[in-house]
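Chemist: Let me give you the structure first, and then I'll get to my questions.
Numbering (my numbering), first residue to last: 903 to 945.
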């Protein structure tokens, strides 16, 4: 595995929205993990 380094610039709301969309895609596509954490971890 390699290292992915990304930098998001912009207003805080836009950055949060972009990361909220990118993290599940990276988890599923790159790491081979489920896109979302189990409910136990999100409550």
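C-beta atoms are modelled at their ideal positions from N, C-alpha and C, and glycine is treated no differently. Keep in mind it's a predicted model, so treat the numbers as computed, not measured.
Cβ of residue 930 within 8 Å of Cβ of residue 924?
Modeler: Contact flag unset, no.
Chemist: Going by alpha carbons, who is nearest to residue 926 out of 916, 939, 917 and 914?
Modeler: Minimum Cα distance to residue 926 is reached at 939.
Chemist: How about residue 910 and residue 922: are their beta carbons less than 8 Å apart?
Modeler: Cβ atoms of residue 910 and residue 922: not closer than 8 Å.
Chemist: Would you tell me roughly how many angstroms separate the C-alpha atoms of residue 908 and residue 928, rounded to the nearest one?
Modeler: Rounded to the nearest angstrom, the two C-alpha atoms are 12 Å apart.
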